[in-house]
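Each number in this note's numbering corresponds to the 1-based position in the sequence shown with 56 added. Think of the CB as a built atom: it goes at the ideal place given N, C-alpha and C, for glycine as much as any other residue. The model shown is predicted, which means the values in this text are computed figures rather than measured ones. Presented below is the structure to which this report refers.
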Amino acid sequence: MIKSEGEIDRIRTVCRAVSQVFDNLTHQLHFGMTEREACRLFEFGCFIHGVDKTPKIDSASGRGGYSRCYGEPTDKVLSGGDVLFIDAGCLFNFYWSDFNRNFSFGEADPHTQDVYQAVWEATEVGISAAQPGVPICNVWTAMSDALSHSTNLGKSSTIGRMGHSMGLWMPELPSVQQNDNTILEPGMIINIEPSMTYPSYFDGSSKLMLHEEVVVVTESGAKLLTSRAPRQIPVVK
57 MIKSEGEIDR IRTVCRAVSQ VFDNLTHQLH FGMTEREACR LFEFGCFIHG VDKTPKIDSA
117 SGRGGYSRCY GEPTDKVLSG GDVLFIDAGC LFNFYWSDFN RNFSFGEADP HTQDVYQAVW
177 EATEVGISAA QPGVPICNVW TAMSDALSHS TNLGKSSTIG RMGHSMGLWM PELPSVQQND
237 NTILEPGMII NIEPSMTYPS YFDGSSKLML HEEVVVVTES GAKLLTSRAP RQIPVVK
């Protein structure tokens with residue numbers, strides 16, 4: 057579970073490359089493109105920025121939010137009110153990155169804005185909780201408590217775990233879940249991944265919001281290997 061400096065450097069390299077592609081993507085997406093076209097555009101950017109392979113590109117979208125977080129991108133046309141989810145598992149020199157970003161086509165509806173913010177804050181809590189010497193289940197509990205706050209519109213999802221590790225394989229142990237008592241140590245890679253279900257602003261149907269960042273545990277706490285997702289959901293205009 058503890059990675060060498062060389063391994064961490066490879067993971068940092070691929071996470072930074074994919075982060076840059078995600079950061080640029082908002083201005084490249086446009087109304088009328090399909091999920092598949094959006095993901096191909098993203099993959100092209102990954103190769104331009106030095107990624108070796110893009111073996112796991114999941115996507116979902118829907119008006120007022122998406123209802124699943126994994127699956128092949130489809131030919132669904134993206135239009136006003138849609139929220140697009142892209143989850144990217146990419147490789148550099150045999151080592152993985154794995155994290156997602158969310159995009160709103162047009163100004164996001166109030167429910168999506170509120171839940172995006174709540175899950176973003178829960179991610180902050182998870183990053184802060186990933187301290188050396190503590191059991192990883194404490195990270196799960198901290199995020200679960202943040203998601204379950206009485207002021208939140210939604211509630212913690214039933215996916216189960218809220219993260220994992222990765223390296224030559226994806227996922228790897230330990231798992232960010234309630235019954236994993238693995239003690240965090242410097243050199244561990246942790247994917248912080250809280251999620252929340254909430255009612256659609258438009259029809260009340262169940263939607264999902266998920267955030268994921270990658271950190272390495274150090275002697276002084278967790279250090280981001282990804283660039284942090286924006287505090288407000290990126291808007292495609």
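- Query: Per the contact definition of three or more C-beta pairs closer than 8 Å, is the stretch 82-101 in contact with the stretch 238-254?
  - Reply: Output reads no: the stretch 82-101 does not touch the stretch 238-254.
- Message: If I follow the unbroken alpha helix (DSSP H) through residue 183, where does it start and stop?
- Response: Sequence index remark: in the sequence shown, residue 183 carries index 127 (1-based). Start and end: 166-185.
- Message: On the criterion of 16 or more Cβ atoms from any shown chain inside 10 Å, does residue 150 qualify as buried, or is it exposed?
- Response: If you number the sequence shown from 1, residue 150 lands on position 94. With fewer than 16 Cβ atoms within 10 Å of its Cβ, residue 150 is classed as exposed.
- Task: Grab the span of the alpha helix (DSSP H) containing residue 119 for me, first residue to last.
- Result: For the purposes of this step, residue 119 is identified with residue 63 of the sequence shown, where counting begins at 1. From DSSP, residue 119 is part of no alpha helix (DSSP H) but of the beta strand (DSSP E) over 109-119.
- Is the stretch 265-274 in contact with the stretch 146-163, if contact means three or more CB pairs nearer than 8 Å? Counting C-beta pairs with one atom in each stretch, the stretch 265-274 and the stretch 146-163 have three or more that are closer than 8 Å, which means they touch.
- Count the other CB atoms, across all protein chains shown, that sit within 10 Å of the CB of residue 139; report buried if there are 16 or more and exposed otherwise. Residue 139 sits at position 83 when you count from the first residue of the sequence shown. The residue in question, residue 139, is buried, as its Cβ has 16 or more Cβ neighbours within 10 Å.
- Task: Give me the Cα-Cα distance between residue 87 and residue 291, rounded to the nearest whole angstrom.
- Result: Here residue 87 refers to the residue found at position 31 of the sequence shown. Here residue 291 refers to the residue found at position 235 of the sequence shown. Roughly 11 Å between the two C-alpha positions.
- Task: Check whether the Cβ atoms of residue 164 and residue 203 sit closer than 8 Å, and answer yes or no.
- Result: Here residue 164 refers to the residue found at position 108 when the sequence shown is read from its first residue. Here residue 203 refers to the residue found at position 147 when the sequence shown is read from its first residue. Taking 8 Å as the Cβ cut-off, residue 164 and residue 203 do not qualify as a contacting pair.
- Task: Tell whether a beta-carbon distance below 8 Å holds between residue 218 and residue 180.
- Result: On the sequence shown, residue 218 is found 162 positions in, with the first residue counted as 1. On the sequence shown, residue 180 is found 124 positions in, with the first residue counted as 1. In this structure, residue 180 does not lie closer than 8 Å to residue 218 by Cβ.
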